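Under numbering that gives the first Met the number 0, the residue at position 166 of the sequence shown is numbered 165, and the numbers go up by one with no gaps. A short worksheet on the structure shown next.
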Amino acid sequence: MTNGVLLIRQHDQANPLEKALAERDQPVFRQAVIESEMIQLPQKELSELTEQSWDGIIVVSPAAVEFFHQQLQKHDFKWPQGNYYSVGSGTAERLVTHTHQPVTYPAPNHTGEDLLKLPDLHQIKGQDWLFVTGADGRPLIAETLSERGAKLTSIEVYKRIPLHPDLSENSRLWQEQVATIVVTSKEQLELFWQDLPDSAKNWAQNCNWVISSERLQKAVTDLGINKQRLIVAQNATTDALLKAIPTQSEKVMSKPTEQKSPATKQRKTKKTSWLTSFIILLLLLSVATLGVGGYWLWLQQQEIKRTSVEQMEELNQRLVQTTRAQEELEQSLFDDIESQMNQRFDALREQRNAEAAEAREEAARERQAMFNELESNREEIEQIKSHLDTANLRLSQDLYVIEARDLVVAAGRKLWFDYDRNGAVQLLQHAKRVLEQSRQSHLIPIRQQLENDIELLNGLPEVDVEGLALRLSALRQQVRELPPQREQLESKPLNNGNGNGNDEVSSSFADWRSNLNAAWQSFSEDFIRVQRTEEMPEMQLGAEQRSLLKTQLDLQLQIAQQALLQRQAVNFEQAMDQAIDWINSYYDTESTQVRHVLDALTQLREQNIEPEFPTRLLSEAMLNDAVDELLGESD
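The structure is reproduced here in structure tokens:
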């Protein structure tokens with residue numbers, strides 16, 4: 000049996016250790032007895048986890064890091080904010096790569112018990128903690144955090160599936176070439192022993208077993224393995240396991256003892272005494288030299304360890320400073336966008352107010368002109384009445400015609416100035432009754448024309464301005480509750496390579512300088528990215544911008560309501576178009592509530608608030624001619 004090594008680990012976990020053993024010219028065999036499978040989390044749950052700020056986040060294994068990171072990338076989410084903790088250094092390295100935040104882990108022992116001994120995990124009562132783990136994992140960490148009063152949220156992102164491989168063929172090869180077995184998990188140990196053929200268990204009991212913690216000792220010895228064959232590594236990292244694996248099998252060499260007579264021994268005692276003293280002196284010098292060299296080597300290792308810790312702390316400080324600078328930059332950009340939005344809204348509001356004031360002034364001028372015309376007509380009527388008085392034309396039959404003419408003129412003013420169709424119809428009906436009272440046959444055509452004018456006005460559509468205004472007021476209340484548009488910025492994975500293939504992070508402690516340089520290059524190359532785009536990016540609105548948008552939208556609907564009551568079609572259509580455009584741009588058009596409000600506003604926008612009344616009543620012209628004839632006869 001050679002000094003080969005059998006690794007009982009998952010494929011992705013065994014690769015670094017397998018490579019290191021191969022470089023040491025030791026035969027390496029690998030056997031996986033379980034595999035990990037992702038547990039899909041709902042998008043809503045992921046969103047809530049990433050939006051919340053945590054006092055502490057614990058990730059138990061590299062598999063938990065990778066599976067959780069894949070689900071976050073799938074939905075374009077970022078890692079949540081908080082203080083990160085892990086059980087081992089391998090998990091911490093992957094967390095730093097994905098989160099770009101400092102990670103705390105226990106050293107030198109990478110166990111859950113040592114993690115719980117950290118000072119940061121003692122006074123946690125009332126704090127919010129997130130625990131990322133696998134299904135059916137060790138509950139020690141979660142139970143301890145809950146006992147200490149933390150508000151713990153646990154999520155399971157993967158599960159372990161036993162493979163139960165057929166080991167009969169491989170076990171024959173292992174019996175010939177494997178002298179050391181490496182296992183770091185109690186579950187994998189039990190599955191391996193369960194799948195191992197009975198014929199190979201005697202070989203396994205005679206192998207050296209390298210385990211990652213004293214917790215596995217009892218599980219190994221329960222399988223009938225001698226405790227003297229156990230080698231306990233400091234932790235489950237590649238370096239610790241590599242140091243614990245023996246480089247060659249131990250053998251006990253024995254030499255035959257020669258039986259010599261007392262006389263012979265007595266003769267050789269004096270000859271060998273000086274040689275023995277010389278050998279002892281050489282051995283003492285060798286031991287002293289090895290002791291001094293070992294002490295010097297220990298000092299060098301401590302210096303390298305201290306330098307590595309200082310550089311890691313410096314890197315963590317740089318990450319914190321970079322995060323703070325990024326937050327300040329985001330706040331500055333937010334302030335600039337807010338200022339620009341306020342300026343644009345103020346300018347737009349001033350423009351709308353000026354246009355509304357100008358429209359009101361124009362309407363006032365038009366009304367004044369109509370009133371002047373009405374006064375002029377009234378003066379004309381007074382003059383006619385004066386002429387009738389002076390010409391002694393107060394005959395009852397003629398007065399009926401004049402009164403009917405005045406009623407028709409008043410009906411026209413009621414129709415064109417006040418848009419009161421019903422009032423105009425009532426005046427025309429009154430004029431018709433006045434002419435009927437005159438009982439003059441030559442006025443029958445005028446009475447018939449009055450009937451035609453009444454039918455014409457009754458057939459015209461009537462715009463319920465008050466009803467439309469009430470509907471618009473109700474829509475104003477609904478607009479305040481509309482959900483805003485939800486937009487997620489697409490994030491692209493950063494390119495951590497520089498094209499030469501030399502930026503991979505090694506798991507060897509001896510490569511700490513190149514690892515640190517590669518980590519810094521990966522972080523700094525994609526810190527700022529400039530990318531050409533053909534489309535203008537959509538502006539994201541914060542809470543204050545959404546509040547300001549609601550105020551401006553309500554103002555536009557108020558302007559539309561005022562224009563509706565005043566029958567100003569142009570101002571009404573402009574205000575409604577602006578409100579509809581803002582809702583389409585800044586609110587969630589996929590929402591049923593938003594579509595309902597848009598449909599209602601569009602229907603109101605299409606209403607014609609200026610009815611197409613006739614510009615002149617034919618009965619008025621006929622009555623004017625009749626009055627002129629009376630005046631001509633009087634002259």
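We put the CB at the ideal spot given by N, CA and C, even for glycine. Because the structure is a prediction, the values reported are computed rather than measured.
Query	Result
Per DSSP, cross-strand counterpart(s) of W128	G55, L151
For E357, the three-state DSSP class (helix, strand or coil)	helix
Helix, strand or coil at P482 [DSSP, three-state]	coil
Coil, strand or helix - S584 by DSSP	helix
Minimum C-alpha distance to Y157 - residue among L630, A62, E381, K116	A62
Y294 (DSSP reduced to helix, strand or coil)	helix
The region 39 to 57 / the region 179 to 196 touching (three or more Cβ pairs under 8 Å)	no
Below-9 Å beta-carbon distance, R359 vs any chain C residue	The chain labelled as chain C is not found in the depicted structure, where only one protein chain is given.
Nearest residue (CA-CA) to L71, options S88, T90, T98, Q330	T98
Backbone CA spacing between D127 and E92 [nearest angstrom]	24 Å
Three-way DSSP call (helix, strand, coil) for L48 in this model	helix
Touching by the beta-carbon criterion (3+ pairs, under 8 Å), the region 182 to 199 and the region 166 to 174	yes
Length at least 4, wholly inside the region 142 to 192: the alpha helix (DSSP H) runs in chain order	167 to 176
L40 versus E17, F76, L564, E302, residue with shortest Cα-Cα distance	F76
Helix, strand or coil at V4 according to DSSP, with G and I counted as helix	strand
Euclidean distance between Cα positions of N108 and L5	23 Å
Helix, strand or coil at Y399 [DSSP, three-state]	helix
Contact set for G87: own chain, Cβ-Cβ below 7 Å, skip 5 residues either direction	Y104, H109, N234, A235, T236
Cβ shell of Q9 (< 6 Å), same chain only, five flanking positions each side left out	A31
Reference R438; option with closest CA among V400, S590, L629	V400
Strand pairing of W511, partner residues [DSSP]	Its beta-bridge partners do not exist; DSSP assigns none.
Per DSSP, the bridge partner or partners of I579	Per DSSP, none; premise fails for I579.
At least three beta-carbon pairs within less than 8 Å, the region 556 to 566 to the region 450 to 457	no
Beta-carbon contacts of K226 that lie in its chain and below 8 Å, excluding the five residues immediately before and after	Q216, T220
Cβ neighbour criterion (16 or more within 10 Å) applied to R446	buried
Rounded straight-line distance, which links the Cα of L20 to that of P26	7 Å
Residue range of the unbroken alpha helix (DSSP H) whose run includes Q602	591 to 604
Inter-stretch contact (C-beta, 8 Å, three-pair minimum) for the region 371 to 382 and the region 587 to 604	no
F76 (DSSP reduced to helix, strand or coil)	coil
Short Cβ contact (9 Å threshold) for L515 with Q299	no
Buried/exposed call for V424, threshold 16 Cβ in 10 Å	buried
Length of the line joining the Cα atoms of L617 and I579	42 Å
L241 versus D135 - alpha carbon distance	29 Å
Residue from L94, I582, R512 with nearest C-alpha to V308	R512
Sequence-distant residues of the same chain with beta carbon closer than 8 Å to H429, five excluded per side	L406
Assigned secondary structure, N207 (DSSP; H/G/I helix, E/B strand, else coil)	strand
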